[in-house]
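Letter by letter, the sequence shown follows residues 1 to 108 in the UniProt record's numbering.
All C-beta atoms in this analysis are idealised placements derived from N, C-alpha and C, irrespective of residue type, glycine included.
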Amino acid sequence: DLADRVNLGLIPSSEEGWPVACRLLKRDTGGTLHIHQNVTTPLHHEPPEHSSAIDVEEGSSMEESSPRIQRDMEVWTAWASDTARRISTLLSDITGSKWRTNIKHIEH
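Next up, the structure:
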């Protein structure tokens, strides 16, 4: 019950740190969990393309991205949505209260 923001920068996965991070968030105001994770996408036999990112809150569009980047972003977005659900469940289990989570940014 002391942090506004917790940076979970452990690679390849920060998942083991999620329960501790959730316990650290302020119970009355919540906060931000900055979660790093290597998300596996299907192998592509195409040349690498530029990095990609999406600001979920601002509704960034992937329409002009290549098909490969669009596929990757779909996988990453699905992972992020599942993670948000799991974090919400963890917070509810820890505090006994209902929590609302949202995804702010996804980046490669």
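Do the CB positions of D81 and T101 come within less than 7 angstroms of each other?
Reading off the sequence, residue 81 comes out as Ser, not Asp. Their beta carbons are not under 7 angstroms apart, which means S81 does not touch T101 by this criterion.
Please classify S14: is it buried, with 16 or more other beta-carbons within 10 angstroms of its beta-carbon, or exposed?
buried
Nonlocal neighbours in the same chain, by C-beta distance under 7 angstroms from K98, ignoring five residues either side
S92
What does the alpha-carbon distance come out to for the pair residue 112 and P19?
Any answer about residue 112 is impossible in this case: the structure gives the chain only from 1 up to 108.
Can you tell me the Cα-Cα spacing of L24 and K104, whole angstroms?
20 angstroms
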